[in-house]
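Protein chains in written order, with the UniProt record's numbering: chain A, 1 to 415; chain B, 1 to 415.
Here a beta-carbon is modelled for each residue, glycine too, at the ideal position from N, C-alpha and C.
Since the model is a prediction, treat every value here as computed from it, not as a measurement.
One structure below.
Number of protein chains: 2
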Amino acid sequence: MTLDLEMMGTKARQAAYDLALLPTTKKNELLAKMAQALLENSAVICAANEKDLAQAKDLKASFVDRLRLDEDRIKEIANGLLQVKALPDPIGKIDTGWVNEAGLQIVKRRVPLGVVGMIYEARPNVTVDASGLCFKAGNAVILRGGKEALATNKKLVEILRAVLEANGLDPNIFQLITETSHHVAEKFMQLNGYIDVLIPRGSARLIQTVVQKATVPVIETGAGNCHVYVDQSADLQMALKIIENAKCQRPSVCNAAETLLVHQAVAEEFLPKVADTLGKYHVELRGDAKTCEILGDASVLADERDWDTEYNDYILAVRVVDSLTDAITHINTHNTKHSETIVTNDQTNAQRFLNEVDAACVYLNASTRFTDGFAFGLGAEIGISTQKLHARGPMGLEALTTTKYVITGNGQIRQ
Amino acid sequence: MTLDLEMMGTKARQAAYDLALLPTTKKNELLAKMAQALLENSAVICAANEKDLAQAKDLKASFVDRLRLDEDRIKEIANGLLQVKALPDPIGKIDTGWVNEAGLQIVKRRVPLGVVGMIYEARPNVTVDASGLCFKAGNAVILRGGKEALATNKKLVEILRAVLEANGLDPNIFQLITETSHHVAEKFMQLNGYIDVLIPRGSARLIQTVVQKATVPVIETGAGNCHVYVDQSADLQMALKIIENAKCQRPSVCNAAETLLVHQAVAEEFLPKVADTLGKYHVELRGDAKTCEILGDASVLADERDWDTEYNDYILAVRVVDSLTDAITHINTHNTKHSETIVTNDQTNAQRFLNEVDAACVYLNASTRFTDGFAFGLGAEIGISTQKLHARGPMGLEALTTTKYVITGNGQIRQ
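Now the structure itself:
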C-alpha cells in the first residue's frame, strides 16, 4: 500500500482547524470561485470523464449515465455550489445557554464536526456537492468515490484544491483517496481519531458494508421502504393522486412508495382505481390474497419478501388491512424508518398514525416524495438519515456540525 | 447459547412503542413507585449483593467498594430516581417547524430513541440510574452489566419489572442480559435493527472494545485527558486554586486535570507554588525539562507517554510552553476532546483558546471539574460524550431522544 491514510487524516485535521476559523463571507467568496473554476475547466473535466467512460462502456446504461459529465451537468454542479453559498452559515449559532448554580455562563455553540469521510459510488457530482456542503459547514473532507470515476474525481478535486491554494488556504481541506481497493476503503472506515464521521451515499449494499465494517461513527442514509396507507375515511381522489405521485413520479429514489396499504372498508372501491391509474405507468401490482381477489388479473400474488423490498422500480406491493392498528403494525414491522403517509379525513386516526409510526418523516395527506432537503426547504442536503442518532431525515448543513460548550467564569472551583 | 438476543430485542421494541405514548404524569408516578420499591426491598437487594461480594472478595478494594450496596447506597439510588422524576420530560417538545413552498406544515418533534443498550461494569447503581433515565425519556433499555454484579443486577431488575407489571405496563421496558460471556456481549453490540444506540460506561478499555466491535451506533463516553493552561496574564492565585481543584478534588474522575501547561513568562514564579500546594496532596509532578529545571527534586522527568495519559490519580504532567499557540497545539494533539481550561486576564487570548481548542467543553477561568450533568444544571446525566455525533459533553435526558418530522398537508404531491 502506497497510500498513507493516517497522514491524510493528520493533514485533514490541521486543515479543518484553520477552516473552522474562516469567516462566512470568505467561505462564500471561495464557493463562488470554485463554481467559476469548474465552469472554466469544463473541457478538461470532460476529457478526464471521457477516460472513465471509455473504461465503463460495457457497464449498465444507467450506471454509465450517472458517471457521465457534459457541459450542462458541469453547469448544474457549479450552480449547486452557488446554492450552498446562498445558505445561511450554521457555524457560530448559539443553540442554548444559561448560568449555572456556581455562576458559570454555559453556552452551547455550533462548531464544525472536523473531518468528514465520504464513501460513495461512481457519481462525480457527489464529489463536488459533498465538498461544497462540508466546506460551508467548516469541515475538511476525505473523499472515496467509486473506482470507475477516478479520473474524473481526480480532476475535480485538483481544480477545487487549486482554488483553495490560490486563495491562501490549505488545499488539504479536500483530499481524494486515489487507491480504490477494498482494503484501503476498509482501513478508511476504521480511521478513528482522524475522521469524526463517515457518510456513505449510494446503494443499500454500500451502506450496509460501511455500517458493518466501520469503527468510526457512521450516519446511515438512504434505504427507503416507504408506505402509503389509505384509511377508511380517506378522500379517495386525493389518495389516488398521492399514490400515483409517490410511486410513479420518480420510482428510482428512496422517498418513492413501495407498499400501498388499504383499509378493507374501501378496498373494493379504491383498488380498481389504483390498478387503472398505475396501469398507465405499467406498474406491476403485487397484492395479498384479498387484493388479488378484488383485482383479478391486474395483480400477482405477493410473497413475504415483497413487504420488505425496496423496488426502486415500477412495482408496488399492495395489502388490504383490517384496521389502522394493523396498518401501523405492518409499517413498524417492515419499514426502513424513512417516510410514511396516511390519507384520511379522520382526525383521531391521523394523530394515532403520526404518533405511533416509527419513521424519520410521517405524513398526513401528502406524498412521501417531499422527503428531501430541497423540497423541505433546507436548501440542499448531504443525505437522508435513516438512523436515530445525530440527525434524522433530510440532513442540511446543520447535520454537518456539532456543538461545543463554551464556559466562562471568574475563578470558580467545584465544591 | 441459551439466550435469544433477537427475541429480547423484539420484546424491547414492542415495549418501547407502548412506553413512547405514556404521558409524563404516569411516567413520574412510576418512577416514584420504583424508588419506593427499592427502599422496601433493601434487605433482599443487600442479600443478593452479599452473594456477589462473596465471589469478589479477592478482587481490588476499590472494585469491591463500587460493587457494594448497603441501605444508605440504596437510599441514594432511590433518590436518584426521584431526581429523574423531577426533571422536565423531553418528549413531545417541538424543536422547530415551518411551512414549506408546497404549503406543508413541517414540525420537528422530540421522540424517544426507542431501544437503548447499556454496557457497563460491576457498578449496580448504573443498572438503576440508566433504567430511570431511559424510562423518563421513553426508551426501553437492555442492560449488560459486569458479571461480578450479576446477582445484584438480577434482583434490581426484578424489582423494577415488578413495579411495571403491577401497574399494567410491559415489564420488557427493562431487560437484563443474564449470560455474561464475551460472545453474548459481542452479539449484543451487533444487534442492528433491534437496538438504536449502545452506550458503554466504564473504563477506557471497555469503551474502546465497544467502539471496535459494535455495528450498532455507539455514543463514546468518558475518557478525559484534561488540561489546565496558565497564561502569561493569569491571576496566579486564581490559577493555583483552579489547578488544585481540577487535580485534587476528585482525581479518579474523567473531568479531573491530567496536564498543567504554563506560559514560560510565569513558570518560574508559578511552578514552585504549584509544587507547594499540590505537595500537600502528595501529587507526583512529571515535568518537561524546563519544569524539572525550575522545580529540581520536586518533579520527575516526564516522557512522551505522559502527555497522553489519563492518570485518574495523584499524578500531574507539567509542561512549560512558549506561547498560547503552543499550548493550543499541545492540547489539540494530546487531549481526548473532553474538557480544557485557560486561566488568563487577556481577553484576546481567552477568545483564541475558546475558539481554537477542540473539546466538548472549553473553560475560561474555571475548573474542569464542572463538566458533568449535575454541575451543569442538566439535573442528571447518562454519561459524558467525547464524540462529536449526536451529543457532545454531559448528556442529559435530551441525549436519549431523537426527532421525527411530522408533516401535515391537504393532498400535496411533488411536482
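Beta-carbon proximity list for residue i, same chain, < 7 Å, skipping 5 on both sides
i, result
"residue 357(B)", "328, 331, 332 and 340"
"residue 87(B)", "136, 379, 380 and 397"
"residue 337(B)", "358, 359, 360 and 386"
"residue 292(B)", "299 and 301"
"residue 306(A)", "286 and 317"
"residue 42(B)", "71 and 74"
Cβ neighbours of residue i in the same chain (closer than 8 Å, five flanking residues each side left out)
i, result
"residue 9(A)", "115, 142, 191, 193, 194 and 195"
"residue 462(B)", "Because chain B is modelled from 1 through 415, residue 462(B) falls outside the range shown and cannot be assessed."
"residue 273(A)", "236 and 240"
"residue 91(B)", "20, 24, 110, 111, 112, 137, 138 and 401"
"residue 46(A)", "69, 70, 71 and 74"
"residue 223(A)", "204, 207, 254, 310, 336, 338 and 386"
"residue 267(B)", "290, 291, 294 and 320"
Residue i versus residue j - alpha carbon distance
i, j, result
"residue 3(B)", "residue 179(B)", "7 Å"
"residue 131(B)", "residue 289(A)", "44 Å"
"residue 276(B)", "residue 269(B)", "12 Å"
"residue 301(A)", "residue 67(A)", "37 Å"
"residue 209(B)", "residue 37(A)", "46 Å"
"residue 298(B)", "residue 233(B)", "25 Å"
"residue 22(A)", "residue 388(B)", "20 Å"
"residue 418(A)", "residue 261(A)", "With chain A running from 1 to 415 in the structure shown, residue 418(A) is simply not present."
"residue 111(A)", "residue 18(A)", "13 Å"
"residue 151(B)", "residue 158(B)", "11 Å"
"residue 255(A)", "residue 118(A)", "22 Å"
"residue 221(B)", "residue 199(B)", "8 Å"
"residue 107(A)", "residue 98(A)", "7 Å"
"residue 229(B)", "residue 399(A)", "32 Å"
"residue 182(A)", "residue 146(A)", "11 Å"
"residue 57(A)", "residue 129(A)", "25 Å"
Run of the alpha helix (DSSP H) containing residue i, from where it starts to where it stops
i, result
"residue 254(B)", "Careful: residue 254(B) lies outside any alpha helix (DSSP H) and carries neither H nor E."
"residue 365(A)", "Segment 361-366 is the beta strand (DSSP E) holding residue 365(A); no alpha helix (DSSP H) there."
"residue 369(B)", "Residue 369(B) -> no alpha helix (DSSP H), and no H or E assigned at all."
"residue 284(A)", "Unbroken run through residue 284(A) is the beta strand (DSSP E), 284-287; no alpha helix (DSSP H)."
"residue 7(B)", "5-20"
"residue 48(B)", "42-55"
"residue 190(B)", "Premise fails: residue 190(B) is in no alpha helix (DSSP H) and is neither H nor E."
"residue 165(B)", "150-166"
Assumed close pair residue i, residue j - CB separation to whole angstroms, cut-off 8 Å
i, j, result
"residue 411(A)", "residue 365(B)", "6 Å"
"residue 140(B)", "residue 32(B)", "About 20 Å; that fails the 8 Å criterion."
"residue 376(B)", "residue 100(A)", "6 Å"
"residue 321(B)", "residue 264(B)", "7 Å"
Own chain residues within Cβ distance below 6 Å of residue i, not counting five before or after
i, result
"residue 109(A)", "94, 404 and 406"
"residue 454(A)", "Past the edges of chain A, shown from 1 to 415, lies residue 454(A), and the structure says nothing about it."
"residue 361(A)", "339, 371 and 393"
"residue 125(A)", "77"
"residue 252(A)", "312"
"residue 165(A)", "171"
"residue 187(B)", "5"
Local Cβ density within 10 Å of residue i, reported as buried at 16 or more and exposed below that
i, result
"residue 385(A)", "buried"
"residue 34(B)", "buried"
"residue 175(B)", "buried"
"residue 368(B)", "buried"
"residue 1(B)", "Summary for residue 1(B): the model assigns pLDDT 49, below 50, so the residue's position carries little reliability, and this model does not support an answer."
"residue 324(A)", "buried"
"residue 160(B)", "buried"
"residue 169(A)", "buried"
"residue 285(A)", "buried"
"residue 59(A)", "exposed"
"residue 65(A)", "exposed"
"residue 279(B)", "exposed"
"residue 409(B)", "buried"
Proximity test, residue i beta-carbon vs the ligand ATP heavy atom, cut-off 8 Å
i, result
"residue 415(A)", "Among the components modelled here there is no ligand, and therefore nothing to report on the ligand ATP."
Continuous beta strand (DSSP E) stretch holding residue i: start and end
i, result
"residue 323(B)", "Counting along the chain, residue 323(B) falls outside any beta strand (DSSP E), and DSSP gives it neither H nor E."
"residue 227(B)", "226-230"
"residue 109(B)", "105-112"
"residue 200(B)", "197-201"
"residue 176(B)", "174-176"
Under 8 Å from the C-beta of residue i: neighbouring residues of chain C
i, result
"residue 365(A)", "No chain C appears in this structure, whose protein chains are A and B."
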